[in-house]
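In my numbering, the protein residues as written are -2 to 288. Every residue gets a Cβ at the ideal spot worked out from N, C-alpha and C, and that includes glycine. Every value quoted in this text rests on a predicted model; they were computed, and no experiment measured them. One structure is given below, encoded as structure tokens.
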């Protein structure tokens, strides 16, 4: 059994890099903040985890299968800025030059695409028992669903906001439930970031109290007669939307991951890349294959 696999939510880190280095441009005006910040983050992760295997997962352009479930899914998100859009292919090129394995959904058409979260979940499932530890680098709470110990493998999340491994207490403090209940918690309360409505009238406090008392949504309904009349009324209405909420919130675990790109690091190409995009300060830090 190998020691550690790190799975990086590449799209999450790209957005963070872009907004942290928004004013970065070449002398010709080419935006480079996302490229620079992303590579810098990768170098930092590599330096701190020299013996880990690393896979970067990207979202693919366009909608996903969830948009077929609800055409309002992620409908409130702002359009991707043009200055960021042009950096996406260059970041993928950087991953290849630097020798980082990376994957996105290349197997499905636009209406059936898997999101990065689903590929991360699938990679995690496929590598259980191959690694002692699987660490997911992300700022996305949806992936908290994966935290736990499975057979001989511990799955954990390095939270991009907290800049450390998230604990069960962190999750309980924020949501009122532990990681094992996050999926059903989101089914009940929804997810504003993804424009998922949840169940009308059921907020964070009610959802966490119900799940902590009864464990699962199924058990909540088994104990329906024990609940107050107002809560019974809300839950009766919720039965109409819960199947859709489950489809929107639940991660998929069946992406085959047969299209992972596993490149070889090229020091010469990396030097040329950094000079081309005027970010030679990155040459001071070592790349994964040099460690």
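- Message: Need the endpoints of the beta strand (DSSP E) that residue 128 sits in, please.
- Response: Here the beta strand (DSSP E) through residue 128 covers 128 to 135.
- Message: Please classify residue 9 as buried or exposed, where buried requires at least 16 neighbouring CB atoms within 10 angstroms.
- Response: Buried: at least 16 other Cβ atoms inside 10 Å.
- Item | Residue burial classification, residue 287 (beta-carbon count within 10 angstroms, cutoff 16) | At residue 287, the pLDDT of 44 sits below 50, so the modelled position is not reliable; the number obtained from the coordinates is stated separately. Classification for residue 287: exposed.
- Should the region 67 to 82 be regarded as contacting the region 118 to 129, the criterion being three or more beta carbon pairs within less than 8 angstroms? No, the region 67 to 82 does not touch the region 118 to 129.
- Task: Please state whether DSSP places residue 147 in a helix, a strand or coil.
- Result: Strand at residue 147.
- residue 209 versus residue 217 - alpha carbon distance: Straight-line Cα distance between these residues: approximately 10 angstroms.
- Near residue 291, what residues of its chain come up, given a Cβ to Cβ distance below 7 angstroms and the 5 sequence neighbours on each side ignored? Nothing about residue 291 can be read from this structure; the chain reaches only from -2 to 288.
- Message: Using the three-state DSSP reduction, which class does residue 255 fall into: helix, strand or coil?
- Response: Secondary structure at residue 255: coil, using DSSP grouped into helix, strand and coil.
- Query: If we cut at 8 angstroms on Cβ distances, does residue 258 have a partner in chain C?
  - Reply: Among the chains of the structure shown, chain C does not appear; only one protein chain is present.
- Simplified DSSP assignment, three categories, for residue 140: Here residue 140 sits in helix by DSSP.
- May I have the straight-line CA-CA distance separating residue 229 from residue 222, to the nearest angstrom? Computed Cα separation, rounded: 8 angstroms.
- Task: Would you mind stating whether residue 179 and residue 172 have Cβ atoms separated by less than 8 angstroms?
- Result: Against a cut-off of 8 angstroms, the Cβ pair of residue 172 and residue 179 comes out as a contact.
- Counted within 10 angstroms of its Cβ, other Cβ atoms place residue 161 as buried (16 or more) or exposed: Under a 10 Å Cβ-count criterion, residue 161 is classified as exposed, with fewer than 16 other Cβ atoms of the shown protein chains found around its own Cβ.
- Query: Count the other CB atoms within 10 Å of the CB of residue 96; is the residue buried (16 or more) or exposed (fewer)?
  - Reply: A buried status is given to residue 96, since no fewer than 16 other beta-carbon atoms sit within 10 Å of its beta-carbon.
- Apart from the five residues on each side of it in sequence, which residues of its chain come closer than 7 angstroms, Cβ to Cβ, to residue 115? Excluding residues within five positions, the ones whose Cβ falls inside 7 angstroms are 248, 249, 252.
- Task: Consult DSSP for residue 288 and reduce its assignment to one of helix, strand or coil.
- Result: In this predicted model, residue 288 has a pLDDT of only 36, less than 50, meaning its place in the structure is not dependable; the value taken from the coordinates is given anyway. Residue state, collapsed to three classes: coil.
- 4 or more residues per run - each alpha helix (DSSP H) lying fully within the region 37 to 105: Entirely contained in the region 37 to 105, the alpha helix (DSSP H) runs reaching 4 residues are, in chain order, 63 to 66, 79 to 82, 85 to 95.
- With 16 other CB atoms within 10 Å as the buried threshold, where does residue 259 fall? The residue in question, residue 259, is exposed, as its Cβ has fewer than 16 Cβ neighbours within 10 Å.
- Using CA coordinates, which residue listed in 113, 184, 192, 5 is at the minimum distance from residue 200? Closest option to residue 200, Cα to Cα, is 184.
- Assuming residue 6 contacts residue 91 (C-beta within less than 8 angstroms), just tell me the rounded distance between them. Their Cβ separation, rounded to whole angstroms, is 16 angstroms, which puts residue 6 and residue 91 out of contact at 8 angstroms.
- Task: Reducing DSSP to helix, strand and coil, say where residue 163 ends up.
- Result: Collapsing the DSSP output to three states places residue 163 in coil.
- Would residue 303 pass as a contact of residue 62 if the rule is Cβ separation under 8 angstroms? The question about residue 303 has no answer here: the residues shown for the chain are numbered -2 through 288.
- Query: Taking the Cβ atom as the reference point for each residue, do residue 292 and residue 150 lie within a distance shorter than 8 angstroms?
  - Reply: Because the chain is modelled from -2 through 288, residue 292 falls outside the range shown and cannot be assessed.
- Neighbourhood of residue 1 by C-beta distance below 8 angstroms, restricted to the same chain and skipping five residues each side: Shown here for residue 1: same chain residues with a beta carbon closer than 8 angstroms to its own, the five before and five after excluded, namely 46, 48, 49, 50, 128, 129, 130, 131, 132 in chain order.
- Looking only at C-alpha atoms, which of 93, 89, 234, 182 sits nearest to residue 198? Checked all of 93, 89, 234, 182; the closest Cα to residue 198 is 234.
- Item | Per-residue burial, residue 141 [other beta carbons within 10 Å of its own, 16 or more giving buried] | Classification of residue 141: buried, given that the 10 Å Cβ count is 16 or more.
- Delimiting residues of the alpha helix (DSSP H) encompassing residue 268: Start and end: 264 to 273.
- Does DSSP put residue 22 in a helix, in a strand, or in coil? Residue 22 falls in the strand class under three-state DSSP.
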